[in-house]
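Quick note, the sequences are listed as chains R and H, same order.
In terms of full-length UniProt numbering, the first sequence has 382 at position 382, counting the first letter as 1, and numbering is strictly consecutive.
In terms of full-length UniProt numbering, the second sequence has 49 at position 49, counting the first letter as 1, and numbering is strictly consecutive.
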Amino acid sequence: MAVRRRPSIPNQTAAPPNPDPGGDPQPPNAAPSLDQFSLAPPKLGLILSVLALFLIPFFYLLFVHYQVESDLRYYISICVALSLVGFVFTVGLIPVATRYLLRRNMFGYDINKRGTPQGEVKVPETLGIVTAIVFLVVAIVLQLCTLTADSDWLVEYNAALACICFMTLLGFVDDVLDVPWRVKLALPFFASLPLMMAYAGHTSIIIPKPLVPYVGLSVLDLGVIYKVYMILLVIFCTNSINIHAGLNGLEVGQTVVISFAVLIHNLMQIGASTDIDYKQAHAFSIYIMWPLLTTSLGLLAFNWYPSSVFVGDTYTYFAGMSLAVVGILGHFSETLLLFFLPQILNFLYSCPQLFGFVHCPRHRLPRFDTQTGLLTGTNDMNLVNLFLRLFGRCTEKSLCIRLLIFQALSCLMCFGLRYILAGWYK
Amino acid sequence: MVVRRRQSIPDQTVRSSELTPEKEGELSLAAPKLGLVLSILAMFLVPFFYFLFVRYRMEIEIHLRLSILVCVAISLCGFVASALLIPVAARYLLRRNLFGHDLNKRGTPQGATKVPEALGIVTGIVFLVVAVSVQLAVSFLQYNLTADSDWLVEYNAALACICFMILLGFVDDVLDVPWSVKLVLPLFAALPLVMAYAGHTSIVIPKHLVPFVGQSVLDLGWIYKVYMIMLVVFCTNSINIHAGINGLEVGQTVVISVAILIFNLIQIGASTDPDYKKAHVFSIYIMLPLLTTSLGLLAFNWYPSSIFVGDTYTYFAGMAMAVVGILGHFSETLLLFFLPQVLNFLYSCPQLFGIVPCPRHRLPRFDPQTGLLIGSSDMNLVNLFLRLFGQCTEKSLCIRLLIFQAFSCLLCFGLRSILAGWYK
């Protein structure tokens with residue numbers, strides 16, 4: 001959901017939005033000259049601490065807690081190393097791309113700062129394209145390092161790449177051309193087609209033990225229905241991240257939290273299992289999640305509050321597709337959905353507005369009070385406003401942190417749930 | 001090569017909107033030249049179906065024939081989809097200021113019209129959907145290429161490469177990246193192919209060189225992979241520089257892909273090796289959608305162009321053809337079909353490498369009085385033809401260059417049949 005007013009119609013850019021007499025004297029529709037524009041420095045301190053916070057438990061589990069085979073440990077370490085290189089490239093390329101994007105008038109205004117000087121700044125949009133391209137290059141090079149030419153996983157790997165690349169393409173076309181929202185909803189369907197073609201795994205599900213007497217079988221082969229489920233999962237993951245948005249750093253932040261949870265889950269499954277295929281499925285997921293995590297952190301360095309860049313639908317679709325793809329090809333889509341709990345709640349709560357039963361404004365954002373600098377919840381039916389109504393007004397930054405803590409707690413709860421239920425339902 | 005002045009600096013945009021007071025959303029494209037394009041399509045389908053149903057009736061089994069027919073049917077749907085979506089996309093592209101001015105009509109009223117750019121994105125996206133749909137449809141028939149795991153890897157790698165190239169090409173069209181970056185983009189897009197290529201990396205030494213080399217088959221190993229990357233970089237950029245005339249980029253792609261398709265069919269009919277046949281079937285599954293979606297684009301891009309195709313198209317087309325040449329194992333034949341592009345590249349080298357001064361656009365001069373193009377001293381085929389054969393209109397120049405392309409392909413068919421016994 002585009003939550004920043006996009007000045008895409010040329011004559012609208014001519015309308016001066018700035019009532020503040022101390023604002024920018026330049027006419028609003030002149031692009032900033034390339035020398036004048038300078039991006040705020042990235043919040044590297046924050047990002048590097050987050051990264052360290054991830055690396056410590058990850059390497060602990062990989063090298064200390066679990067007896068993982070040495071070649072798998074080697075490949076995973078290479079994966080982490082290459083992903084860190086991707087992080088550096090992302091941070092290096094974003095300022096460069098920003099200049100080009102601004103020159104092509106791809107920017108928006110931060111609606112949550114409207115009325116303050118910051119609300120008049122042209123914030124470059126669609127920086128998700130940098131993240132996605134660096135991700136693709138890292139993922140491709142990683143394939144060279146970790147897979148041999150006759151590996152069974154080459155099929156899945158290339159199908160995953162094709163899907164993620166197609167989704168990035170469609171997301172970028174959407175950001176550039178601003179397609180109608182009905183088309184936007186359908187884009188993930190087309191992007192998931194290569195996955196349908198390549199998916200050669202089992203299409204059966206395991207019936208939870210308590211239900212077996214009723215169903216009559218312990219394993220049910222869904223066939224084509226499973227493929228429909230896959231498509232629905234892709235459409236859900238992409239769009240749910242897109243609508244749980246609107247605050248500086250929320251889209252990238254939720255992706256970072258979920259991908260980290262997925263990585264820990266993958267590692268725990270590798271450590272706890274003895275089935276080669278099962279381990280390979282989770283290793284495959286690690287090889288895709290690490291580049292996603294580090295390139296997203298590179299983006300977050302600029303997108304965290306206060307945002308110097310906006311990520312665009314390119315990023316939310318790219319991230320949603322990557323997560324859906326690993327869930328499907330790694331065969332842990334139920335766990336993935338558990339990690340997506342806040343997104344599911346947000347989607348369910350938003351349904352009345354999304355389906356038109358309740359009036360749905362263009363942006364379902366909170367109200368920003370310029371005097372206090374706080375956000376106030378509106379009656380819109382999404383988690384962002386719900387949190388404001390439940391826990392009171394607060395700044396944009398604390399609201400985002402609260403929502404991300406909720407995301408992290410949901411993931412922790414899901415780890416707990418899996419642990420408790422593991423013997424019970426499977 | 002960007003041959004249309006790109007309105008990317010906003011103050012220039014203001015000036016150009018003073019020239020052409022078009023209101024938002026009121027873009028009306030000239031009607032597509034469907035008569036021309038449908039005749040080309042018919043001219044192609046006749047020999048294609050002749051080979052498929054008559055000449056090689058015995059050699060091509062019924063399931064394979066059915067699969068190819070299904071591919072033709074879905075590709076024709078892609079043609080219709082392209083033709084329908086281009087006007088829609090053109091409105092959105094124009095709204096985002098993705099347009100250019102036709103430099104070869106400067107001085108006439110047409111030279112002031114804003115022509116939407118980067119319509120190759122429509123062709124690319126429809127191509128991807130068609131290519132995947134063909135595979136999904138064919139998987140229900142017995143001649144299922146992708147049941148074979150090796151081919152599934154290569155097919156997905158091909159899709160990933162072509163998709164990545166379309167993405168990078170479109171990013172280039174939108175952001176207008178520096179040309180040094182532009183040259184390198186195909187290298188990144190070719191990486192999935194290089195990683196996935198599991199075929200033989202050996203070449204067959206021509207018979208009369210065997211005494212000198214000492215072997216009849218030489219395994220090149222990773223050098224072959226470098227060759228693959230160079231082929232991709234060459235195919236994409238060579239189409240990009242053999243451009244500048246309305247309809248030239250799409251036209252050359254159409255001619256070459258027709259040649260490739262006929263070649264594929266002949267090879268399938270003439271061969272008994274199932275792996276060899278699969279390689280050419282794979283190529284058909286990719287070339288047919290390329291041909292039909294490009295024809296949909298040509299309907300609007302043929303002289304006089306209502307839309308421009310952008311680097312998105314030239315990179316996409318070059319990548320698609322390089323991919324089939326590599327994965328279908330006929331890259332030498334592909335290079336023969338690319339003869340005009342090879343000649344254009346060689347002839348352009350002095351300017352490209354800066355030995356001779358190289359202007360921004362190496363276009364002919366347009367004379368608004370006579371409506372003819374006059375060859376400049378730039379070193380490319382476009383100007384060479386004008387200098388050799390005299391001034392002519394843009395349309396006839398394009399037709400001459402495309403006839404040259406077609407003759408080169410015919411020549412190559414001839415060469416292959418003469419040399420087939422001689423050097424292999």
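The beta-carbon is built from N, C-alpha and C at its ideal position, and this holds for glycine as well.
How many angstroms separate the CA atom of residue i from the CA atom of residue j?
i: leucine 381(H); j: tyrosine 313(H); result: 20 Å
i: valine 171(H); j: glutamate 125(R); result: 14 Å
i: serine 28(H); j: leucine 94(H); result: 11 Å
i: leucine 421(R); j: leucine 53(R); result: 28 Å
i: valine 181(H); j: glutamate 59(H); result: 47 Å
i: cysteine 235(H); j: asparagine 158(R); result: 23 Å
i: proline 95(R); j: proline 274(H); result: 52 Å
i: leucine 297(R); j: serine 307(R); result: 14 Å
i: tyrosine 226(R); j: leucine 136(R); result: 27 Å
i: threonine 131(R); j: cysteine 400(R); result: 21 Å
i: leucine 170(R); j: aspartate 313(R); result: 9 Å
i: leucine 337(R); j: isoleucine 405(R); result: 18 Å
i: leucine 298(H); j: leucine 45(H); result: 17 Å
i: glycine 107(H); j: phenylalanine 366(H); result: 9 Å
i: leucine 402(H); j: valine 134(R); result: 39 Å
Could you check where the beta strand (DSSP E) with residue i kicks off and where it finishes?
i: residue 446(H); result: The displayed coordinates of chain H run from 1 to 424. Any statement about residue 446(H) would go beyond what the structure contains.
i: glutamate 374(H); result: Just to set this straight, residue 374(H) is isoleucine in the shown sequence, not glutamate. Element bounds for isoleucine 374(H): 372-374.
i: histidine 101(H); result: 99-101
i: leucine 218(H); result: 217-219
i: aspartate 273(H); result: It is not in any beta strand (DSSP E) - aspartate 273(H) carries neither H nor E in the DSSP assignment.
Ordered along the chain, which non-local residues of its own chain (more than five positions away) have a Cβ less than 6 Å from that of residue i?
i: glycine 296(H); result: Phe79, Ser82, Ala83
i: asparagine 112(R); result: Phe368, Glu396
i: tryptophan 105(H); result: The residue asked about is misnamed: residue 105(H) is lysine in this sequence, not tryptophan. So the list reads Gly111, once near-sequence residues are dropped.
i: tyrosine 66(R); result: Gly271
i: alanine 157(H); result: Pro192, Leu193, Ala196
i: proline 361(R); result: none
i: aspartate 380(R); result: Arg364
i: glycine 377(R); result: Pro366, Asn385, Leu388, Arg389
Measure from the C-beta of residue i to each C-beta in chain C and report whether the shortest distance is under 8 Å.
i: leucine 82(R); result: Absent from the structure: chain C. Protein chains present are R and H.
Please tell me whether residue i has its Cβ less than 8 Å away from any Cβ of chain R.
i: valine 132(H); result: yes
i: tryptophan 222(H); result: no
i: methionine 230(H); result: no
i: valine 138(H); result: no
i: arginine 6(H); result: Any answer about arginine 6(H) is weak, because its pLDDT of 39 lies below 50 and its placement is not dependable; what the coordinates show is given next. Not an interface residue.
i: alanine 196(H); result: yes
i: leucine 152(H); result: yes
Tell me which residue opens and which closes the alpha helix (DSSP H) that residue i is part of.
i: phenylalanine 188(H); result: 179-196
i: arginine 367(R); result: That residue, arginine 367(R), is in no alpha helix (DSSP H); its beta strand (DSSP E) goes 367-369.
i: threonine 294(R); result: 276-303
i: threonine 376(R); result: That residue, threonine 376(R), is in no alpha helix (DSSP H); its beta strand (DSSP E) goes 374-376.
For residue i, which residues in the same chain have their Cβ closer than 7 Å to its Cβ, ignoring the five residues on either side in sequence?
i: valine 234(R); result: Pro188, Ser192, Met321, Ala324
i: valine 224(R); result: none
i: arginine 416(H); result: Thr333
i: leucine 183(H); result: Asn237
i: aspartate 219(H); result: Thr201, Ser202
i: proline 211(H); result: none
i: leucine 36(H); result: Trp302
i: leucine 411(H); result: none
Going along the chain, which residues of its own chain have a beta-carbon closer than 8 Å to the beta-carbon of residue i, five neighbours each way excluded?
i: proline 359(H); result: Asp378
i: phenylalanine 63(R); result: Arg73
Does any CB atom of chain H fall closer than 8 Å to the CB of residue i?
i: proline 124(R); result: no
i: tyrosine 100(R); result: yes
i: alanine 324(R); result: no
i: methionine 196(R); result: yes
i: phenylalanine 318(R); result: no
i: phenylalanine 190(R); result: yes
(request) Give, in chain order, every residue of the region 119-131 of chain H whose Cβ lies closer than 7 Å to some Cβ of chain R. (result) Ile121, Leu128, Val129
(request) May I ask you to list, following chain order, the residues of the region 293-311 of chain H that have a beta carbon less than 8 Å from some beta carbon of chain R? (result) none
(request) Check each residue of the region 161-188 of chain R: if its Cβ is closer than 8 Å to any Cβ of chain H, include it; give the result in chain order. (result) Leu161, Ala162, Cys165, Phe166, Thr168, Leu169, Leu170, Phe172, Val173, Val176, Leu177, Asp178, Val179
(message) So if I threshold CB-CB distances at 7 Å, which residues from the region 154-168 of chain H count as touching chain R?
(response) Asn156, Ala157, Leu159, Ala160, Cys163, Phe164, Ile166, Leu167
(request) Would you list, in chain order, the members of the region 311-342 of chain H that have their beta-carbon closer than 8 Å to a beta-carbon of chain R? (result) none
(request) Mind checking the region 353-375 of chain H against chain R and listing, in chain order, the residues whose C-beta falls within less than 8 Å of any C-beta there? (result) none
(message) Against chain H, which members of the region 259-285 of chain R pass a CB distance test of less than 8 Å?
(response) none
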